[in-house]
Every structure is written in structure tokens, then in C-alpha cells.
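Remarks on the structure that follows.
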Amino acid sequence: MTQALNIERLLDEWLAEGPRIVPDRVVDGAIADIASVRQVRAGRGRPAASRFAGFATAAAVVIAITGALALFMSRNMVGGPTTVPAPPSSSATRAPSASPTPLESLRALSNSGPVALLPGTAMEAGATYTVSGFDPSFTIAGQPGWQLSPPQGTGFVQFQAPGDSAELTIIRPSQAIDSYGNVIPLPPKLADWLIAQPDLYFDRSVQVVPPMWNPTPVTVGGALGVDLGTGSIPRGTERDSQGVVSLLCSSDGPCNRDASYALRLTPGWVFSLVVLSVNGEPVVVAFDAIPDYTDIPFQSFESSLQFASYPPLTLLPGTTMEAGKTYASSGFEPAFTIAGQNGWQVAPQGGEGPAHVTIQSPGDHAEVNIVRPDQVVSDQGNVMSLPANLAYWLASETTFQFDSGWWIDHRSWTSSKPPPATELGGATGYDLGGGVVSDSATPNANGQVVFACSADAPCSNNAQNQMAVTPGRPFALVVLQTDSGVVIIETESDAADAVAAHQVFGQFGDSLHFLP
Amino acid sequence: MDEDLVQQAKRGDQEAFGALARANADWMFAVAQRILRDFDRAEDAVQQSLVIAWRELPTLRAADRFQAWIRRILVRVCYFESRRTRRMTRNLRLLPGPTDVTPSEEHNLVLRDELERGFQRLPIEQRTILVLHHYLGLTPAEIAESLGIPAGTARSRLHYAHAAMRAALDATARTPGTKARRKAGSA
Numbered sequence: 001m002t003q004a005l006n007i008e009r010l011l012d013e014w015l016a017e018g019p020r021i022v023p024d025r026v027v028d029g030a031i032a033d034i035a036s037v038r039q040v041r042a043g044r045g046r047p048a049a050s051r052f053a054g055f056a057t058a059a060a061v062v063i064a065i066t067g068a069l070a071l072f073m074s075r076n077m078v079g080g081p082t083t084v085p086a087p088p089s090s091s092a093t094r095a096p097s098a099s100p101t102p103l104e105s106l107r108a109l110s111n112s113g114p115v116a117l118l119p120g121t122a123m124e125a126g127a128t129y130t131v132s133g134f135d136p137s138f139t140i141a142g143q144p145g146w147q148l149s150p151p152q153g154t155g156f157v158q159f160q161a162p163g164d165s166a167e168l169t170i171i172r173p174s175q176a177i178d179s180y181g182n183v184i185p186l187p188p189k190l191a192d193w194l195i196a197q198p199d200l201y202f203d204r205s206v207q208v209v210p211p212m213w214n215p216t217p218v219t220v221g222g223a224l225g226v227d228l229g230t231g232s233i234p235r236g237t238e239r240d241s242q243g244v245v246s247l248l249c250s251s252d253g254p255c256n257r258d259a260s261y262a263l264r265l266t267p268g269w270v271f272s273l274v275v276l277s278v279n280g281e282p283v284v285v286a287f288d289a290i291p292d293y294t295d296i297p298f299q300s301f302e303s304s305l306q307f308a309s310y311p312p313l314t315l316l317p318g319t320t321m322e323a324g325k326t327y328a329s330s331g332f333e334p335a336f337t338i339a340g341q342n343g344w345q346v347a348p349q350g351g352e353g354p355a356h357v358t359i360q361s362p363g364d365h366a367e368v369n370i371v372r373p374d375q376v377v378s379d380q381g382n383v384m385s386l387p388a389n390l391a392y393w394l395a396s397e398t399t400f401q402f403d404s405g406w407w408i409d410h411r412s413w414t415s416s417k418p419p420p421a422t423e424l425g426g427a428t429g430y431d432l433g434g435g436v437v438s439d440s441a442t443p444n445a446n447g448q449v450v451f452a453c454s455a456d457a458p459c460s461n462n463a464q465n466q467m468a469v470t471p472g473r474p475f476a477l478v479v480l481q482t483d484s485g486v487v488i489i490e491t492e493s494d495a496a497d498a499v500a501a502h503q504v505f506g507q508f509g510d511s512l513h514f515l516p
Numbered sequence: 517m518d519e520d521l522v523q524q525a526k527r528g529d530q531e532a533f534g535a536l537a538r539a540n541a542d543w544m545f546a547v548a549q550r551i552l553r554d555f556d557r558a559e560d561a562v563q564q565s566l567v568i569a570w571r572e573l574p575t576l577r578a579a580d581r582f583q584a585w586i587r588r589i590l591v592r593v594c595y596f597e598s599r600r601t602r603r604m605t606r607n608l609r610l611l612p613g614p615t616d617v618t619p620s621e622e623h624n625l626v627l628r629d630e631l632e633r634g635f636q637r638l639p640i641e642q643r644t645i646l647v648l649h650h651y652l653g654l655t656p657a658e659i660a661e662s663l664g665i666p667a668g669t670a671r672s673r674l675h676y677a678h679a680a681m682r683a684a685l686d687a688t689a690r691t692p693g694t695k696a697r698r699k700a701g702s703a
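Pasting the structure below:
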């Protein structure tokens with residue numbers, strides 16, 4: 001009890017310290033902004049406050065549905081504006097192919113084959129690479145200008161960004177180096193050991209005490225593991241002569257503070273760590289970069305990484321997914337791979353075509369729709385050709401009532417004030433956030449509001465197997481520009497609010513990778 | 517809180533909303549900064565919350581609930597801010613440098629550092645609970661209303677937040693390497 005009183009008193013005193021006055025420019029800026037922001041009309045739609053209120057419950061519901069945790073929000077809402085999605089390419093309007101070839105989508109991994117990357121050779125975007133000798137063997141998508149950095153071994157490989165501003169290390173460790181510099185046997189609970197390292201300041205929602213730590217399960221490259229999130233090492237805690245902190249060694253060379261075949265993190269940089277189990281052995285994937293470096297390359301590396309021991313399974317309508325396995329689309333263009341979630345499946349009836357895929361949760365409580373549209377359906381139910389700027393067009397449609405808790409004013413987006421840029425699966429685009437279907441939208445006979453169509457089926461307000469939102473089901477929208485055309489990814493769920501719908505997306509979003 | 521101002525602002529009076537914004541911005545900033553532990557993001561959170569509040573104000577039914585209502589918006593925006601820029605911005609704290617400090621002052625510095633480290637490792641939801649309770653002095657029932665969660669959940673989160681802080685401080689105290697390095701840095 002004394003301890004409890006002490007911690008409360010400490011927190012009272014400590015939190016009483018700190019700033020209490022906001023700079024004038026903050027309020028001035030807000031007041032200037034509201035001059036161009038129109039107020040909502042009272043009594044139309046649910047109040048914003050009640051949408052916020054559902055967040056905690058809704059998130060719990062979605063997590064319960066799938067048993068997975070969301071990462072997407074934290075990883076994809078970074079980076080500055082990128083180019084506006086271009087008008088659709090001609091491929092977006094071609095006729096559907098008569099019989100999709102299931103293995104077509106695996107061509108990047110089989111037909112063209114990965115390129116063995118040599119030290120000093122710059123990677124190219126769009127190419128798939130492997131590193132000879134590394135066990136377990138893997139393939140990974142190229143990032144422009146990145147190079148394989150020597151030395152490389154059977155358990156150690158490192159890629160460096162142009163200008164040495166970031167590093168990606170993949171290591172199968174055999175020993176560890178503790179905070180005193182002692183070489184120790186590899187801890188059996190490697191993730192727990194890393195979390196407990198006093199020099200590593202994790203800034204994700206993890207807690208320092210292992211029994212209270214709630215790891216985030218992930219599937220990377222087909223292997224199950226945990227994502228330890230991001231963190232940093234304060235400057236001044238260098239452990240070796242090169243000013244870095246060595247944590248793990250592979251068996252390729254001697255293990256000490258100056259080991260060459262070691263996972264080394266730089267104080268003052270920002271790291272991301274993922275611990276995987278590949279063929280029963282731990283493999284750590286680490287990204288370390290200068291503080292201002294965007295994590296988009298890491299997302300691309302992580303989503304494209306594929307261990308040969310876990311080849312992707314073909315995702316066919318009716319196939320029930322399993323967590324820990326990677327699936328490849330069977331007929332969709334552009335082909336993609338995605339991590340499985342237990343019990344989810346491509347809708348058995350019309351769930352996949354060359355330009356659309358629908359993946360449903362068990363019981364259809366939530367779904368992910370991936371569509372390459374060639375037409376849209378307006379608020380008035382008119383079928384129109386694809387707008388040049390699909391993201392802006394979607395944002396302006398009154399069908400969607402975007403959750404203002406996420407983005408301030410979708411309808412004020414302009415070319416100088418674009419929506420949040422995002423990168424997903426190797427493609428760039430816009431994250432429109434989540435929302436609910438507006439009360440003013442009129443559902444069709446199926447109880448849905450169709451807003452975009454692929455070439456896979458006729459397009460109308462009553463069309464089936466087209467991109468639609470359902471009144472009462474919060475949605476989230478992302479628009480991406482791929483090599484095959486514009487792709488919309490829409491998720492929706494029975495959960496109570498749009499944040500939860502976006503979390504459904506997050507369960508897949510991290511693993512989605514469009515194949516070159 | 518001037519309910520007339522709220523009513524005027526609900527009807528689109530920007531000057532009235534400006535007055536409301538100035539009357540509330542200080543505590544909003546203080547709360548956001550304590551939750552996010554970052555000045556820039558706290559400023560962004562306040563600005564964004566005010567704009568959202570302006571836009572959504574007509575949906576507020578009871579003018580006397582304005583402060584609780586905008587507090588809920590602020591918390592949600594803080595959640596969002598903490599996730600949105602987690603990787604892009606880092607608060608790398610400098611360890612105390614060589615200074616002439618008394619043992620008592622040194623103890624306080626170390627304690628603050630431990631509190632900061634422990635607090636930053638809490639999930640954003642627990643940090644929010646602690647700030648609402650210890651800084652704003654809200655009861656679990658009031659916290660529950662602010663967050664839109666059941667009162668029992670608020671009590672439970674508060675309990676776990678205290679336990680996590682206690683555990684973090686205990687863990688730091690038990691880690692000889694950390695203490696040794698910190699002492700070396702401050703000697």
C-alpha cells in the first residue's frame with residue numbers, strides 16, 4: 001500500500017511539471033484554419049463523439065475476430081506527399097481473361113527468377129533478389145540504389161542504403177552480446193531478451209518487463225514471429241570501437257564487440273526489429289536508419305521478403321487461410337502475395353477475377369476488397385469512366401462520411417493540400433482513412449452502395465462483385481497506383497467504427513506485396 | 517465555460533469559437549504534451565482537435581458538456597498522433613552531463629529519468645489514463661466518460677498503468693548496468 005501511495009504521489013508531482021501555456025501561433029493557426037472548414041449539419045449522421053466512443057470496443061471486436069494485431073496505422077501514415085495517382089493505364093480497361101492461371105501470380109518468384117545480388121552491385125526497383133549462401137534462402141524486392149554490404153555469410157547478410165543512411169540486416173544468430181559486452185549463448189527467448197536490453201529504448205506500445213510485454217505477432221516471408229517495433233539507442237552508449245552497439249552474432253565469424261558478422265545498431269539512429277522462427281531457428285530482421293529516414297523501404301523489404309522454405313500457397317476462392325502462411329493471388333492483376341489470417345478465405349462465389357478479389361473473415365464479419373477499377377458509380381447512381389484523380393473523387397463523394405477523427409477535412413483536399421500519402425506492397429498512393437456510409441446514400445437491392453467497378457462484371461448501381469460499401473459497416477479506403485493501374489483496397493467490418501475497419505486492413509496491409 | 521459562446525459557435529460564429537479555443541487551448545496543450553511527450557506533436561494535436569471541434573460542434577447536444585466533449589476529441593487525436601509519426605520523430609533524450617549536483621538533486625534527476633523512461637514505454641492508452649487522473653485530477657468515472665469506455669475498464673487500466681510504472685521503476689532499479697552507466701554519465 002505504501003508503494004501504491006508512493007507511485008501515485010510521484011506521478012502527481014512529476015506530471016505537474018512541464019508546460020502549461022500553449023504558444024499563441026497554435027490557436028491562431030487553428031482559428032485561421034476554421035475559416036475554410038465548413039461545419040457539419042446537426043442531426044445528420046452519428047455525432048463524431050459517439051464514433052470516437054466506439055473505438056475501444058470496436059478494436060477489441062476486430063481483434064477477437066481474427067486474433068491478429070494491427071500495425072498498418074503506425075507504419076503507413078508517414079512520409080510526405082507523393083505524386084498524385086496518375087490516370088489509369090490502358091491495362092485497367094481490358095477485358096477479363098477467360099481462365100486465370102493460378103500460378104501466373106508467382107511468376108516473379110519462378111518464371112523470371114530472382115537475381116543473385118553481389119556485393120557492391122546496386123539493386124534496382126522492380127527486381128527480385130536473393131543472396132547466395134545465406135541459409136535459410138530468401139528472396140526480396142529491390143530498392144533503388146541499395147547494395148549488399150560485405151561481409152556476408154551463411155547466417156548474416158546486410159544491405160545498405162545509398163549514402164549509408166540506413167541498413168537492413170538479416171541474421172540467423174548463434175550468440176548474443178549482453179549490455180556488459182559479454183558474449184553469451186543465444187537466449188532461448190530472444191525477443192524477450194532484446195526487449196529487456198537496457199540500451200534499447202523501444203517506443204512502441206511495449207513494456208519493459210517481459211511478463212507484462214505483449215508481443216505483436218507477425219508473418220514475414222511466410223515465417224511466424226514477433227514484431228518488437230521501433231526504438232533507438234541514446235547517443236553515448238557505444239560499445240565498440242566503431243561507435244555502434246553489437247547485439248547478436250552469426251556463426252560465420254568470431255563473436256565479440258567488434259564482430260563483423262553481427263547485428264549492430266547505431267546510437268542516435270532509429271531501429272525496427274522483427275524476430276522470426278524460420279525452420280525452427282531464430283532469424284532477426286533489423287532495419288536501422290538515421291532519425292529522419294522514412295520507413296517505406298523497410299515496409300517494402302519486409303512485405304516482399306520470402307523464405308524459400310515457405311513458398312506462397314495459391315489463393316483460390318474457398319481456400320481457407322491459415323496464419324503463418326503466405327498466399328499468392330491466383331488471377332488478379334497485379335499479382336500479389338499476402339499473409340494468411342486464420343479462417344479467412346476468398347469469397348467462394350465470384351470472389352476473385354482478374355480485377356477484383358474479396359477476402360472474407362470467418363462468418364463474413366469483416367472483409368478486404370481489392371479492385372482494379374475501370375469505372376465508378378457516382379452518388380446519383382451514374383456509371384462514369386474512371387476519374388483522373390480517383391482519390392480526390394472518392395473523397396468528394398457524399399456516399400462516404402469520413403471519420404473526422406482521422407483526417408480533418410477530406411473535401412478540402414487539393415493538389416497543394418493532398419490527402420496522406422501512403423506506400424503499400426511496393427505501390428504508392430493515398431490513404432483516405434475510414435468512415436461510415438452517409439445517411440444520404442441510397443443502398444441498392446443488395447443493401448449496398450456500389451461506387452467503383454472492375455471489368456470483371458457489368459457495372460451498375462445494382463451490380464454484384466463490384467466495389468461497394470455497406471450502410472452500417474464502417475469502411476477504410478486506400479487508393480494505390482500499381483504497374484497494372486489504379487487499385488482500390490477497401491475494408492469493412494461489423495465493428496462499431498471506422499478505426500476498427502482500418503485495423504482489419506492493417507492485419508493484411510503489412511504483408512501485402514505486389515509482385516513485379 | 518460560457519455556454520452562450522458554445523451556442524454561438526454551434527451556429528457558426530467563428531469569433532465565439534475563437535474565444536472558446538483560447539479559453540481551452542492551454543489545458544489541451546498541457547494534456548497533449550504530457551501524453552505525447554513531444555512539443556511539436558502536442559501543438560499539432562491541439563490545432564487538429566480545435567479544427568475537428570469546430571467542424572463537429574453542431575453535433576454537440578449539451579453545451580455544458582463542451583469541455584468533456586473536446587477532451588474526448590483531444591484524446592483521440594493524441595492516439596492518432598502517437599501512431600502517425602511514431603517513426604518519423606524521435607525524442608532522443610540527453611543523459612545528464614557532468615554538473616555539480618548534490619546527492620539529493622542527483623537522486624531527483626535519476627528519478628525523473630526513470631519516470632520518463634517508464635512512462636514512455638507505456639501504451640498510449642495507459643499514458644492517457646495517467647495524465648487524465650494525475651494531471652487533470654479526473655476520477656475513473658470521468659475518465660471513462662472522456663474515453664468512451666466503461667468505468668470498470670477505466671479503473672482497470674488505471675490499476676495496470678500504476679502497476680506498469682511501478683514495475684518499470686523497479687526494473688530500472690534492479691538493472692545494475694543501467695545504473696552504472698547512468699552514474700558514469702552524470703559523474
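So the protein lines, in turn, are chains A and B. For what it's worth, the numbering used here labels the leading residue of the first sequence as 1, then goes sequentially. For what it's worth, the numbering used here labels the leading residue of the second sequence as 517, then goes sequentially. Beta carbons: idealized from backbone N, C-alpha and C, even for Gly.
Can residue i and residue j be called in contact, C-beta distance under 8 angstroms?
i, j, result
"A/Gly347", "A/Gln360", "The identity of residue 347 of chain A in the sequence shown is Ala, whereas the question assumes Gly. In contact: A/Ala347 and A/Gln360 (Cβ atoms closer than 8 angstroms)."
"A/Leu15", "B/His650", "yes"
"A/Gln380", "A/Ser438", "no"
"A/Asp456", "A/Pro354", "yes"
"A/Pro373", "A/Ala476", "no"
"A/Val274", "A/Val220", "yes"
"B/Leu566", "A/Ala30", "yes"
"A/Leu512", "A/Leu424", "yes"
"B/Ala548", "B/Leu590", "yes"
"A/Ser246", "A/Ile177", "yes"
"A/Phe298", "A/Ala427", "no"
"A/Leu432", "A/Leu480", "no"
"B/Arg633", "B/Ala684", "yes"
"A/Met384", "A/Val371", "no"
"B/Leu521", "B/Ala535", "yes"
"A/Val368", "A/Phe508", "yes"
"A/Thr319", "A/Gly343", "no"
"A/Leu522", "A/Pro217", "Residue 522 of chain A falls outside the range modelled here, since chain A spans only 1 to 516, and no answer is possible."
Tell me which residues share the same chain as residue i and place their Cβ nearer than 6 angstroms to its Cβ, disregarding the 5 neighbours each side in the sequence.
i, result
"B/Arg588", "Ser662"
"B/Ile551", "Cys594, Arg643, Thr644 and Val647"
"A/Thr93", "Note that A/Thr93 scores 28 on pLDDT, short of 50, meaning its location in the model is unreliable and no value can be drawn from it."
"A/Leu10", "none"
"A/Glu124", "Gly142"
"A/Thr337", "Pro312, Thr326, Ala328 and His513"
So residue i contacts chain B; which residues on that side make the cut at Cβ distance below 7 angstroms?
i, result
"A/Gln39", "Gly528, Trp570, Arg571, Leu573 and Pro574"
"A/Gly29", "Gln563"
"A/Ile34", "Gln530, Phe533, Val567 and Trp570"
"A/Ile7", "His678, Met681 and Arg682"
Go to residue i, then tell me how far its beta strand (DSSP E) extends in each direction, as first and last residue.
i, result
"A/Gln175", "Gln175 to Ile177"
"B/Gln524", "Where B/Gln524 is concerned, there is no enclosing beta strand (DSSP E), although the alpha helix (DSSP H) it sits in stretches over Glu519 to Lys526."
"A/Tyr392", "First-last for A/Tyr392: Leu390 to Ser396, but that is the alpha helix (DSSP H), not the beta strand (DSSP E)."
"A/Val487", "Gly485 to Ser493"
"A/Gly225", "Ala223 to Ser232"
Which chain A residues sit within Cβ distance under 7 angstroms of residue i?
i, result
"B/Ala541", "Val22, Val26 and Val27"
Residue i lies in the alpha helix (DSSP H); which residues open and close that run?
i, result
"B/Arg643", "Ile640 to Leu646"
For residue i, go through chain A and note every residue whose CB falls closer than 9 angstroms to its CB, in chain order.
i, result
"B/Ala546", "Gly18, Pro19, Arg20, Ile21 and Val22"
"B/Glu559", "Val22, Pro23, Arg25, Val26 and Gly29"
Skipping 5 residues on each side, what residues in its chain have a beta carbon closer than 7 angstroms to that of residue i?
i, result
"B/Ala561", "Ala548, Leu552, Leu590, Val593, Cys594 and Glu597"
"A/Ala289", "Ser165, Ala166, Trp269 and Val270"
"B/Thr601", "Because the pLDDT at B/Thr601 is just 44, under 50, the model does not fix this residue reliably, and the point stays unresolved."
"A/Ala191", "Pro215, Val226, Leu228 and Val275"
"A/Ile65", "Bear in mind that the predicted position of A/Ile65 carries a pLDDT of just 25, short of 50, making it too unreliable to give a figure here."
Show which residues of chain B have a CB atom less than 8 angstroms away from the CB atom of residue i.
i, result
"A/Asp12", "His650"
"A/Leu15", "Arg550, Leu646, Val647, His650 and Tyr651"
Under 8 angstroms Cβ to Cβ from residue i, same chain only, skipping five residues before and after it: list those, please.
i, result
"A/Pro119", "Gln147, Leu148, Ser149, Pro150 and Gln152"
"A/Ala49", "Here the model assigns A/Ala49 a pLDDT of 26, short of 50, so the residue's position is not dependable, and the following value carries that caveat. Cβ within range, chain order: n/a, list empty."
Along the chain, which unbroken stretches of the alpha helix (DSSP H) at least 4 residues long are found entirely within the region 533-579 of chain B?
555-572
Quick one: complete beta strand (DSSP E) runs, 3+ long, within the region 271-342 of chain A?
281-289, 313-315, 326-329 and 336-339
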